[in-house]
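Trainee: Protein chains in written order, with UniProt numbering: chain U, 1 to 229; chain S, 1 to 229. One structure coming up, written as structure tokens, with questions to follow.
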DNA sequence: TCTAAAACATGATAATTGTCAGTTTTTAAC
DNA sequence: GTTAAAAACTGACAATTATCATGTTTTAGA
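Have a look at this one:
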């Protein structure tokens with residue numbers, strides 16, 4: 001049992017930091033550490049979740065299947081985030097599927113522990129509330145982008161977002177490597193359209209590619225493009 | 001002071017129902033009733049809100065300006081809903097503007113009362129959390145619709161939504177009358193495109209119109225259309 | 001009631017994006 | 001290492017949607 005929540009720095013980045021010692025002990029005693037392989041799924045939309053997942057390492061995509069059978073990625077999660085809280089709080093089925101984009105390390109925390117703490121520790125509720133408020137704001141922004149911007153603008157924005165949030169390696173390629181399909185499902189476009197746009201960006205010198213890897217060359221130009229110039 | 005929160009049925013539909021007598025008294029003593037005329041604005045995106053609005057009557061649109069200058073309506077609020085909580089909780093500027101679609105009656109509740117209660121009454125926090133969880137789920141659905149469905153599908157869906165949530169009058173017209181511009185800003189399309197589609201739906205007998213008013217004639221057909229047939 | 005402004009409407013055309021069909025490259029399993 | 005499957009890519013074409021131009025109707029205020 002070397003991995004105790006008490007010693008886990010990750011929790012400083014999420015709502016679990018509002019827990020007191022006793023509560024933290026309960027969480028730690030009941031949590032189950034899991035390793036998720038790239039491509040594996042944490043949960044599928046429509047499932048009932050028995051708990052939440054705290055991401056120690058790796059990135060996952062939260063997506064939803066449209067009635068036309070296409071996947072839409074609603075959000076990418078990063079280290080420190082908690083997944084599945086919406087479903088546990090609303091005592092509802094998940095509306096999203098979670099799939100690992102690279103190898104992940106997560107802790108599963110049973111819902112009883114979470115809901116007990118929500119009922120007794122208002123600071124914890126408030127922390128969860130703040131995080132959800134943040135998610136809601138981001139979701140609103142996505143709605144506006146989806147409806148008012150072109151695919152090209154959304155793609156430019158995606159590259160900037162990925163660089164900002166996940167960084168790049170020593171050769172200037174985005175640290176988070178996504179498939180073309182994933183890109184298409186983030187910006188909400190046909191895969192072929194998206195590939196064409198990547199080619200275009202590359203030809204124009206905005207980005208560089210090497211296999212799946214993509215590197216941002218002209219962030220300013222991409223930003224202008226995203227803003228509509 | 002005839003209008004006391006203690007006697008207001010509206011609060012049964014929102015998170016205020018989790019308040020105890022004392023808390024409710026505080027809310028009631030500090031609240032300010034306001035009448036908002038159709039077309040007037042409750043708040044504008046980027047403002048700092050000093051409180052939340054509890055909707056007693058009327059409908060408002062929550063919208064956001066895109067960088068291209070077009071408005072996107074993110075959500076319509078109805079009787080009983082509380083507006084501005086996200087901003088108050090996150091101690092953040094509003095990301096949305098709120099505009100009255102018809103004449104409204106709202107109560108303004110100062111943020112201090114709200115945040116005090118959030119800090120002390122976990123049931124209230126939990127209720128707010130549930131409502132926000134619901135909003136977040138709805139936002140996810142909107143994202144998927146925006147990116148995966150055609151304008152025609154989204155319009156069909158909008159008519160069904162409006163009938164279901166706001167009802168219709170004795171002549172079969174939607175109770176909530178929106179301008180063509182508002183419709184365009186809900187489904188995320190150019191106003192001209194939208195008007196054309198309304199004409200098409202009318203020609204095909206799916207809906208009827210009389211001036212601004214629109215009535216759903218074939219809900220099943222619209223539903224099939226929205227689902228992609 | 002008159003009048004200007006706003007909202008509604010339609011046509012022509014252009015831009016954006018999707019679909020289908022096929023080729024090449026990469027990946028992963030045996 | 002070979003090979004089958006998956007992913008990446010390209011072209012041709014079609015469908016969707018936006019834009020611009022213009023006319024008509026409705027609405028609200030003097």
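The C-beta atom is built at its ideal place from N, Cα and C for all residues, glycine as well. All of these numbers come straight from a predicted model, not from anything done at the bench.
I'd like to know if the region 65-74 of chain U and the region 143-150 of chain S are in contact, where contact means that at least 3 CB-CB pairs between them fall below 8 Å.
Mentor: Flag = yes, the region 65-74 of chain U and the region 143-150 of chain S touch.
Trainee: For residue 136 of chain S, tell me which candidate among S:74, S:116 and S:4 has the shortest Cα-Cα distance.
Mentor: The residue with the shortest Cα to Cα distance from residue 136 of chain S is S:74.
Trainee: Taking residue 26 of chain S as the reference, which of S:4, S:36 and S:47 has the closest Cα?
Mentor: When each option's Cα is compared against that of residue 26 of chain S, the closest is S:4.
Trainee: Of all the residues that make up the region 82-115 of chain S, which are near chain U by a beta-carbon distance shorter than 7 Å?
Mentor: Of all residues in the region 82-115 of chain S, 86, 89, 90, 95 and 96 have a Cβ within less than 7 Å of some Cβ in chain U.
Trainee: Taking just the CA atoms, how far does residue 34 of chain S sit from residue 105 of chain S?
Mentor: If I take the Cα positions, the gap works out to 6 Å.
Trainee: What does the alpha-carbon distance come out to for the pair residue 47 of chain S and residue 39 of chain U?
Mentor: If I take the Cα positions, the gap works out to 42 Å.
Trainee: Within the same chain, show all residues whose beta-carbon is closer than 7 Å to that of residue 153 of chain S, passing over the 5 residues directly before and after it, in chain order.
Mentor: Here the set comprises 225, 226 and 228.
Trainee: In chain S, what lies closer than 7 Å to residue 130 of chain U by C-beta?
Mentor: Going along chain S in sequence order, the residues near residue 130 of chain U (Cβ under 7 Å) are 89 and 90.
Trainee: Is residue 156 of chain U close to chain S, meaning its C-beta is less than 8 Å from at least one C-beta of that chain?
Mentor: Chain S contact via Cβ: absent.
Trainee: Identify whether residue 8 of chain S lies in helix, strand or coil by the three-state DSSP scheme.
Mentor: Residue 8 of chain S: coil per DSSP, three-state reduction.
Trainee: What residues of chain S sit near residue 118 of chain U, judged by a beta carbon separation below 9 Å?
Mentor: 122, 125, 126 and 129, listed in chain order.
Trainee: Along chain S, which residues have their Cβ under 7 Å away from the Cβ of residue 136 of chain U?
Mentor: 86, 132, 135, 136 and 139, listed in chain order.
Trainee: Output the distance between the C-alpha atoms of residue 19 of chain U and residue 124 of chain U, rounded to the nearest integer angstrom.
Mentor: C-alpha separation (whole angstroms): 6 Å.
Trainee: Per DSSP, which one or two residues make a beta bridge with residue 115 of chain S?
Mentor: Its beta-bridge partners do not exist; DSSP assigns none.
Trainee: For the region 50-78 of chain S, list every residue whose C-beta sits within 7 Å of some C-beta in chain U, in sequence order.
Mentor: So the list reads 64, 66, 67, 68, 70, 72 and 74, given in the order they occur along the chain.
Trainee: Are the C-beta atoms of residue 193 of chain U and some chain S residue less than 8 Å apart?
Mentor: Not one chain S Cβ lies under 8 Å of residue 193 of chain U.
Trainee: Just to confirm the assignment: which complete beta strand (DSSP E) runs, minimum length 3, are found wholly within the UniProt domain "Cyclic nucleotide-binding" (15-118) of chain S?
Mentor: Segments of the beta strand (DSSP E) lying fully in the UniProt domain "Cyclic nucleotide-binding" (15-118) of chain S: 32-36, 41-43, 51-57, 60-65, 71-77, 97-100 and 104-110.
Trainee: Just the C-alpha distance for residue 148 of chain S and residue 31 of chain S, rounded to the nearest angstrom, thanks.
Mentor: Taking the straight line joining both Cα atoms gives about 43 Å.
Trainee: Applying a beta-carbon distance threshold of less than 9 Å, which residues of chain S neighbour residue 188 of chain U?
Mentor: 143, 144, 146, 147 and 148, listed in chain order.
Trainee: With 8 Å set as the bound, which would you pick, yes or no: does the beta-carbon of residue 1 of chain S sit closer than that to a beta-carbon of chain U?
Mentor: Interpretation of residue 1 of chain S is limited by its pLDDT of 48, a score under 50 that renders its predicted location unreliable; the figure taken from the coordinates is listed afterwards. For residue 1 of chain S, the answer is no, since every Cβ of chain U falls outside 8 Å of its Cβ.
Trainee: Just tell me which of S:90, S:201 and S:9 has its CA closest to the CA of residue 130 of chain U.
Mentor: That would be S:90, whose Cα lies nearest to the Cα of residue 130 of chain U.
Trainee: What do you get for residue 94 of chain U, buried or exposed, if any count of 16 or more other CB atoms within 10 angstroms of its CB means buried?
Mentor: Classification of residue 94 of chain U: buried, given that the 10 Å Cβ count is 16 or more.
Trainee: Within a Cβ cutoff of 8 Å, which residues of the same chain sit near residue 99 of chain U, ignoring the five residues on either side of it in sequence?
Mentor: Only 39, 40, 41, 42, 60, 61 and 63 meet the Cβ criterion.
Trainee: Just the C-alpha distance for residue 222 of chain S and residue 157 of chain S, rounded to the nearest angstrom, thanks.
Mentor: If I take the Cα positions, the gap works out to 7 Å.
Trainee: If the cut is a Cβ gap below 7 Å, which residues of chain S does residue 228 of chain U touch?
Mentor: 67 and 68, listed in chain order.
Trainee: Just to confirm, is the Cβ distance from residue 108 of chain U to residue 53 of chain U under 8 Å?
Mentor: Yes, the Cβ-Cβ distance between residue 108 of chain U and residue 53 of chain U is below 8 Å.
Trainee: Tell me the rounded alpha-carbon separation between residue 196 of chain U and residue 219 of chain U.
Mentor: So the alpha carbons of these two residues sit roughly 19 Å apart.
Trainee: Taking all protein chains shown into account, decide if residue 112 of chain S is buried (16 or more other Cβ within 10 angstroms of its Cβ) or exposed.
Mentor: The residue in question, residue 112 of chain S, is exposed, as its Cβ has fewer than 16 Cβ neighbours within 10 Å.
Trainee: Mark residue 116 of chain S as exposed unless 16 or more other C-beta atoms lie within 10 angstroms of its C-beta, in which case mark it buried.
Mentor: Residue 116 of chain S should be labelled exposed.
Trainee: On a Cα-Cα basis, can you pick out the residue from S:214, S:122, S:134 and S:204 that is closest to residue 166 of chain S?
Mentor: Checking every option, the nearest Cα to that of residue 166 of chain S belongs to S:214.
Trainee: Between residue 12 of chain U and chain S, is any beta-carbon pair separated by less than 8 Å?
Mentor: Closer than 8 Å: no.
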